[in-house]
Amino acid sequence: MMATGLRRWIGIAVVLAVLVGGSVGSVLTMAAVSRVQQQHASLLMDHNADAIQRAVANEAARYTETLTDMALAVGSQTQFSASDFEAITSRLTRSRLPGASTIGFVVPARADETAAVQRYWRGHGAVNLRLDTVGAADEHQFLIFNRSLDQVPFRAGRDISPTSEPADAMRFARASGQVTSSHPYTLLKDRDLPLAQRQQSFLLAAPVTGTAGTPAAGEFLGWLTLSMRGGDFVEESLQTYAGELVTVALSDLGGTSPTAVASTRSSAATLRDPSLHRVRTVIVGEREWQLDVQPTQRLISDTDRRLPLATLGIGLLVTLLTGVLADSRRRALKRVATATALLRHDIERRKTVEARLLDREDELRRLAMHDALTALPNRALFRERLDEADPDQPRAVFFIDLDGFKAVNDGLGHSAGDRLLVEVARRLTQCARAGDTVARLGGDEFAILAATSAAAPFAERIVTSLRAPFDIDGQPVTISCSVGVAVTDAGPTDAERLIHAADEAMYVAKAAGKNRYTVAVTSSAAAFVDGPN
Numbered sequence: 001m002m003a004t005g006l007r008r009w010i011g012i013a014v015v016l017a018v019l020v021g022g023s024v025g026s027v028l029t030m031a032a033v034s035r036v037q038q039q040h041a042s043l044l045m046d047h048n049a050d051a052i053q054r055a056v057a058n059e060a061a062r063y064t065e066t067l068t069d070m071a072l073a074v075g076s077q078t079q080f081s082a083s084d085f086e087a088i089t090s091r092l093t094r095s096r097l098p099g100a101s102t103i104g105f106v107v108p109a110r111a112d113e114t115a116a117v118q119r120y121w122r123g124h125g126a127v128n129l130r131l132d133t134v135g136a137a138d139e140h141q142f143l144i145f146n147r148s149l150d151q152v153p154f155r156a157g158r159d160i161s162p163t164s165e166p167a168d169a170m171r172f173a174r175a176s177g178q179v180t181s182s183h184p185y186t187l188l189k190d191r192d193l194p195l196a197q198r199q200q201s202f203l204l205a206a207p208v209t210g211t212a213g214t215p216a217a218g219e220f221l222g223w224l225t226l227s228m229r230g231g232d233f234v235e236e237s238l239q240t241y242a243g244e245l246v247t248v249a250l251s252d253l254g255g256t257s258p259t260a261v262a263s264t265r266s267s268a269a270t271l272r273d274p275s276l277h278r279v280r281t282v283i284v285g286e287r288e289w290q291l292d293v294q295p296t297q298r299l300i301s302d303t304d305r306r307l308p309l310a311t312l313g314i315g316l317l318v319t320l321l322t323g324v325l326a327d328s329r330r331r332a333l334k335r336v337a338t339a340t341a342l343l344r345h346d347i348e349r350r351k352t353v354e355a356r357l358l359d360r361e362d363e364l365r366r367l368a369m370h371d372a373l374t375a376l377p378n379r380a381l382f383r384e385r386l387d388e389a390d391p392d393q394p395r396a397v398f399f400i401d402l403d404g405f406k407a408v409n410d411g412l413g414h415s416a417g418d419r420l421l422v423e424v425a426r427r428l429t430q431c432a433r434a435g436d437t438v439a440r441l442g443g444d445e446f447a448i449l450a451a452t453s454a455a456a457p458f459a460e461r462i463v464t465s466l467r468a469p470f471d472i473d474g475q476p477v478t479i480s481c482s483v484g485v486a487v488t489d490a491g492p493t494d495a496e497r498l499i500h501a502a503d504e505a506m507y508v509a510k511a512a513g514k515n516r517y518t519v520a521v522t523s524s525a526a527a528f529v530d531g532p533n
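Below you can see the structure in the form of structure tokens.
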């Protein structure tokens, strides 16, 4: 009797142990799957946030450089007139400056100088100019010339000084001598629109000073201004980078609290997960912008979202079955056999989950070690391949820098520049042989690691290949490249020294006229052998 009771309690204890142990194991497995999934989503968010930050910084730098160049052009005129303004601004288009509304020339004047300023600029091409003074400011800021980039007209002669945001930006630009961005505001030309159609906008102001050799050398002449609609800027510039995986909200940090400017649109719902929220900042015209990047439901696929719960459900189900079978083992061998089959099935499922986790780890390494645009190895993987190269074989490192790429990027836009980089990667891969490593180091710089000592024919093949015209959206584009080569014979070699030698050789080739290669002689004395152009 006692032995029977003991066996019964032992059976109950075994069932409870199976249930508790299986439940804990299922929960731990679900937590592991969720952790890997969260890490993958976090890497995707970092990648997207960094790409969007670079895109805004590049666009802001391009606007600033464009406005600075035009301010220098105005300051170099002996007698600046309306025709000069049209000539200087004629190449500006909405496609080159996403979100741009109006380019204008503004001059300062006191109230008692208004009539004289009006006569002066009428004599310089602003025939119908009428300066309208508003308020009793010490100094007024009058729009003399302007050109609309969005087909919405805006009358010259307006007094901008009563509008604090652009007026403050122009005063700061004059004091600092730098291009300055205003606090967000509604453009004067948009204030008659319905409230729902108005956008938070901003103005970039560049001070204009007479250059040496002109009658007004060193004298402050006025400002070149570029007004931008925030919503249009986000829609035309950031929507492509955000896509459907993330949403981006642009804010200005210049005030006591962030001022929302605009945000991208997505058909997918925003995923409210604080751990995946990313914040990046960019300096634009002496002001700080904030980019709030949030994931959407599409960042993690429906299958991936269900995976942790499916793992838990399967684990708990198997645990329950195992407990039942443990209690019934004494009564039916057939049930034991069935339980064994189910357990084996569970093991296979667990192996499948583990395999998926390993695949995720491989995918994370691929993302970390490869360039997102061209899919080539990045700088980190290139250095790893060089460190692992067979020391018993000769090795050559080729550093390639594209000549003329910036002109393509500025003239045809960033999307055309990206397609050109993809085509360059394809041609370099065709130049390489099996076993060689072709990598993109960043921007328009590439590198090749080849197991060869015959560097000159290889470098000549690279220069010739990239010299041929590229077809970018049906338009022929021609660039060239400067190649620096460092070669070492079999034996131990300092990888850092080899990379440095190739990099210096590339700059020698560029200084020698570009469209050529230079081979570095890796010895204790620095020397270079220039290849034909």
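Heads up: the sequence shown runs through residues 1 to 533, numbered per UniProt numbering. In this text, a Cβ means the ideal position worked out from N, Cα and C, and glycines have one as well.
Mind checking whether residue 509 and residue 483 have CB atoms under 8 angstroms apart? The residue labelled residue 509 in the question sits at position 509 within the sequence shown. The residue labelled residue 483 in the question sits at position 483 within the sequence shown. In this structure, residue 483 lies closer than 8 angstroms to residue 509 by Cβ.
Alpha carbons only, please: which of 251, 222, 136, 392 is nearest the one belonging to residue 185? As a first step, residue 185 is located in the sequence shown; it is residue number 185 there, counting from the start. Checked all of 251, 222, 136, 392; the closest Cα to residue 185 is 251.
Which of helix, strand or coil DSSP assigns to residue 479: Here residue 479 corresponds to residue number 479 of the sequence shown, with the count starting at 1. Coil at residue 479, not helix or strand.
Taking contact to mean at least 3 C-beta pairs separated by less than 8 angstroms, is the stretch 146-157 in contact with the stretch 261-271? no
Nearest residue (CA-CA) to residue 418, options 110, 471, 397: Numbered from 1 along the sequence shown, position 418 holds the residue referred to as residue 418. Nearest option by C-alpha distance: 471.
Can you find the residues in the same chain that come closer than 6 angstroms, C-beta to C-beta, to residue 188, ignoring five residues on each side of it along the sequence? Start at 1 with the first residue of the sequence shown, and residue 188 comes out as number 188. Closer than 6 angstroms at the Cβ level, and outside the excluded window around residue 188, lies no residue.
Give me whichever residues DSSP pairs with residue 260 in a beta bridge. Within the sequence shown, numbered from 1, the residue matching residue 260 stands at position 260. 251.
Where does residue 278 land, buried or exposed, given buried means 16+ other C-beta within 10 angstroms? Residue mapping note: residue 278 aligns to position 278 of the sequence shown, counting from 1. Buried, by the Cβ-count rule.
Thinking C-alpha only, which one of 519, 274, 133 is nearest residue 397? What you label residue 397 is simply residue 397 of the sequence shown in a count that begins at 1. If we check each option's Cα against that of residue 397, 519 comes out closest.
Please name the residue, chosen from 451, 101, 457, 401, that lies closest to residue 392 on a Cα-to-Cα basis. Within the sequence shown, numbered from 1, the residue matching residue 392 stands at position 392. Of 451, 101, 457, 401, the residue nearest in Cα terms is 451.
Quick one: grab the DSSP three-state call for residue 17. As a working mapping, residue 17 is identified with position 17 in the sequence shown. In the structure shown, residue 17 sits in a helix (DSSP, three-state: H, G or I).
Beta-carbon separation (whole angstroms), residue 133 vs residue 159, contact threshold 8 angstroms: As a first step, residue 133 is located in the sequence shown; it is residue number 133 there, counting from the start. As a first step, residue 159 is located in the sequence shown; it is residue number 159 there, counting from the start. The C-beta distance from residue 133 to residue 159 rounds to 6 angstroms, short enough to meet the 8 angstroms contact threshold.
For the alpha helix (DSSP H) holding residue 417, just list the boundary residues, first then last. If you number the sequence shown from 1, residue 417 lands on position 417. 414-431 is the span of the alpha helix (DSSP H), which, as asked, contains residue 417.
Assign residue 59 to one of two classes, buried (16 or more other C-beta atoms within 10 Å of its C-beta) or exposed (fewer than that). Taking the sequence shown and counting its residues from 1, the one referred to as residue 59 is at position 59. Its Cβ being crowded by 16 or more others within 10 Å, residue 59 is buried.
Report yes or no: do the stretch 229-240 and the stretch 153-167 share at least 3 C-beta pairs separated by less than 8 angstroms? Not touching, per the Cβ criterion.
Per-residue DSSP class, three states only, for residue 473: Residue mapping note: residue 473 aligns to position 473 of the sequence shown, counting from 1. Note: residue 473 maps to coil in three-state DSSP.
How is residue 132 classed by DSSP in three states: helix, strand or coil? Counting from one through the sequence shown, the residue named residue 132 turns up at place 132. Coil, per DSSP.
Mapping DSSP to helix, strand and coil, what is residue 154? For this step, residue 154 is matched to residue 154 along the sequence shown. Three-state DSSP puts residue 154 in coil, outside helix and strand.
Report the residue ranges of all beta strand (DSSP E) runs contained in full by the UniProt domain "CHASE" (157-242); include only those spanning at least 3 residues, in chain order. Taken in chain order, the unbroken stretches of beta strand (DSSP E) that lie wholly in the UniProt domain "CHASE" (157-242) and span 3 residues or more are 201-209, 220-229.
Out of curiosity, what's the CA-to-CA distance linking residue 97 and residue 63? Position 97 of the sequence shown, counting from 1, holds the residue named residue 97. Position 63 of the sequence shown, counting from 1, holds the residue named residue 63. Rounded to the nearest angstrom, the two C-alpha atoms are 7 angstroms apart.
Where the beta strand (DSSP E) containing residue 440 begins and where it ends: The residue you call residue 440 lines up with position 440 of the sequence shown. Its beta strand (DSSP E) spans residues 437-442.
Quick one: Cα of residue 302 to Cα of residue 296, how far? By one-based count along the sequence shown, residue 302 stands at place 302. By one-based count along the sequence shown, residue 296 stands at place 296. Since pLDDT at residue 302 reaches only 48, below the 50 mark, its modelled position is unreliable, and the value read off the structure follows with that caveat. Going by the C-alpha atoms only, they are around 12 angstroms apart.
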